[in-house]
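Chemist: Numbering (this note's numbering) for the sequence shown: 1 to 253.
Think of the CB as a built atom: it goes at the ideal place given N, C-alpha and C, for glycine as much as any other residue.
Structure incoming, see below.
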Amino acid sequence: MGSVGAKDVPVLMTEDGRRIDGRRADELRPLRIQAGALRQADGSAFVEWGANKVMAAVYGPREVHPRHLQENNKAIVQCKYNMAAFSVDERKRPGLDRRSQEISKVIAEAFESVIFVEEYPRTSIDIYIEVLQANAGTRCAGVVAASVALADAGIPMVDLLPAVAVGKVAGHVVLDLKKEEDNFGEADLPMALVPQSGRLVLLQMEGHMTRTELSKALDLGVGGCRKIYEEMKRALRERYAPTGTASAMEVAA
Ligand code: ADP
Numbered sequence: 001m002g003s004v005g006a007k008d009v010p011v012l013m014t015e016d017g018r019r020i021d022g023r024r025a026d027e028l029r030p031l032r033i034q035a036g037a038l039r040q041a042d043g044s045a046f047v048e049w050g051a052n053k054v055m056a057a058v059y060g061p062r063e064v065h066p067r068h069l070q071e072n073n074k075a076i077v078q079c080k081y082n083m084a085a086f087s088v089d090e091r092k093r094p095g096l097d098r099r100s101q102e103i104s105k106v107i108a109e110a111f112e113s114v115i116f117v118e119e120y121p122r123t124s125i126d127i128y129i130e131v132l133q134a135n136a137g138t139r140c141a142g143v144v145a146a147s148v149a150l151a152d153a154g155i156p157m158v159d160l161l162p163a164v165a166v167g168k169v170a171g172h173v174v175l176d177l178k179k180e181e182d183n184f185g186e187a188d189l190p191m192a193l194v195p196q197s198g199r200l201v202l203l204q205m206e207g208h209m210t211r212t213e214l215s216k217a218l219d220l221g222v223g224g225c226r227k228i229y230e231e232m233k234r235a236l237r238e239r240y241a242p243t244g245t246a247s248a249m250e251v252a253a
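This is how it looks when you write it as structure tokens:
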């Protein structure tokens, strides 16, 4: 959340219900997903979502490094989320900061609850998320990219994991915040949904909402996730449909 004088705050919602980029409260930014964008990784995906550009690469199941993290009865899921120094307006200090560590942790935990980890004991499933261009919602774009990358790697999961941030802007509950809305809005609430069960496996909140607003925000987010889910499946079909029978299709079905 930004803290600036009122004169610096842009008009976030017009009287006829349009947002700073012309969207309605329940509209997503344009989303494009490419499955299998990298050659070297076991699975990969590139996501362009509004002005966000995010690449995810997945390796594994493979040997655990460092070794002492190995679990005898399941795979461990490790995630490294990183924002490139050139991904934001002001150059970001490169390397691991607390925000990246927190985001890496919550994303790893979200995926640990949807991957069939018990099928791959003593291994590691490694997720790398590189944010090349950031405009709010990058952790959600990272989850979407990583989820498609995991499917592309043929890693069995309960379901794909669509994610989106909802929030409160100029007193209105809105879907998929962009940068100005994130900076000057009243609340930001990223979430990730298991579509088939309706279970939320990532839910964070910054700012304030009333109980009624929260309930409205969750409904809006779930609806958004379901649209994103369709786009994720489309990306996997586009990669695998011409030749047919890859395991990713089973995951996405
Ligand atoms: P998310 O990207 O998941 O919304 P945040 O709410 O922490 O995560 O960040 C919102 C946005 O603020 C980011 O997408 C990015 O555009 C910007 N941002 C985050 N960290 C930095 C930073 N260190 N320097 C400049 N901009 C940043």
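(1) If I'm right that His208 touches Ala187 with Cβ under 8 Å, what's the distance once you round it to whole angstroms?
(2) Only counting the same chain, and skipping five residues up and downstream in sequence, which positions put a Cβ closer than 6 Å to that of Ile127?
(3) Examine the ligand ADP and report whether any of its heavy atoms sits within less than 7 Å of the Cβ of Val88.
(4) Less than 7 Å between C-beta atoms, sequence neighbours within five positions excluded: which residues of the same chain meet that for Asp176?
(5) At the level of alpha carbons, what is the spacing between Ala110 and Asp89?
(6) Gly198: beta carbon under 7 Å from a heavy atom of the ligand ADP?
(7) Name the one or two DSSP bridge partners that Lys205 has.
(8) Would you say the stretch 92-106 touches the stretch 57-74, given that touching needs at least three Cβ pairs under 8 Å?
(9) Answer with buried or exposed for Phe46, where buried requires no fewer than 16 other C-beta atoms within 10 angstroms of its C-beta.
(10) Can you tell me whether Arg67 is buried or exposed? The criterion is at least 16 other CB atoms within 10 Å of its CB, across all chains shown.
(11) Can you tell me which of the three DSSP states Tyr240 falls into?
(12) For Ser215, does the count of other Cβ atoms within 10 angstroms reach 16, so buried, or fall short, so exposed?
(13) Confirm the yes/no value for this check: CB of Ala134, any heavy atom of the ligand ADP, distance under 7 Å.
(14) Do Val279 and Val114 have their C-beta atoms within less than 8 Å of each other?
(15) To the nearest angstrom, report how far apart Pro121 and Ile107 are at their CA atoms.
(16) Would Lys233 be called buried (16 or more neighbouring beta carbons within 10 Å of its own) or exposed?
(17) The ligand ADP and Thr138: does the residue's C-beta get closer than 7 Å to at least one heavy atom of that ligand?
(18) Compare the C-alpha of Thr123 against each of Val11, Gly198, Pro61, Glu180 and name the closest.
(19) Of all the beta strand (DSSP E) runs that stay within the bounds of the stretch 112-161, which reach a length of 3 or more residues?
(20) Taking the straight line between their C-alpha atoms, what separation do you get for Ile155 and Val194?
Modeler: On the basis of the data shown:
(1) Yes, they are in contact, since the Cβ atoms of His208 and Ala187 sit about 6 Å apart, within 8 Å.
(2) For Ile127, where only same-chain residues beyond five positions count, the Cβ hits under 6 Å are Val58, Cys79, Ala146.
(3) Yes - the ligand ADP has a heavy atom lying nearer than 7 Å to the Cβ of Val88.
(4) For Asp176, where only same-chain residues beyond five positions count, the Cβ hits under 7 Å are Leu28, Arg29, Gly137, Val164, Ala165, Gly224.
(5) Straight-line Cα distance between these residues: approximately 29 Å.
(6) Every heavy atom of the ligand ADP is 7 Å or more from the Cβ of Gly198, so no.
(7) According to the sequence shown, residue 205 is Met rather than Lys. Checking the DSSP bridge columns, you'll see Met205 has no partner listed.
(8) Taking 8 Å as the limit for Cβ pairs, the verdict is that the stretch 57-74 does not touch the stretch 92-106.
(9) The C-beta of Phe46 has 16 or more other C-beta atoms within 10 Å across all chains shown, which makes the residue buried.
(10) Of the other Cβ atoms in all chains shown, fewer than 16 fall within 10 Å of the Cβ of Arg67; this residue is therefore exposed.
(11) If DSSP states are grouped into helix, strand and coil, Tyr240 belongs with the helices.
(12) Ser215 should be labelled exposed.
(13) Within the cutoff, so yes.
(14) No answer is possible for residue 279: it lies beyond the span of the chain, which begins at 1 and ends at 253.
(15) The straight-line gap from Cα to Cα measures roughly 20 Å.
(16) The residue is buried, with at least 16 neighbouring Cβ atoms inside 10 Å.
(17) Of the heavy atoms belonging to the ligand ADP, at least one sits nearer than 7 Å to the Cβ of Thr138.
(18) Ranking Val11, Gly198, Pro61, Glu180 by Cα distance to Thr123 puts Pro61 first.
(19) Taking only runs of at least 3 residues, the beta strand (DSSP E) segments lying wholly in the stretch 112-161 are 124-133.
(20) Each residue's Cα considered, the two are about 16 Å apart.
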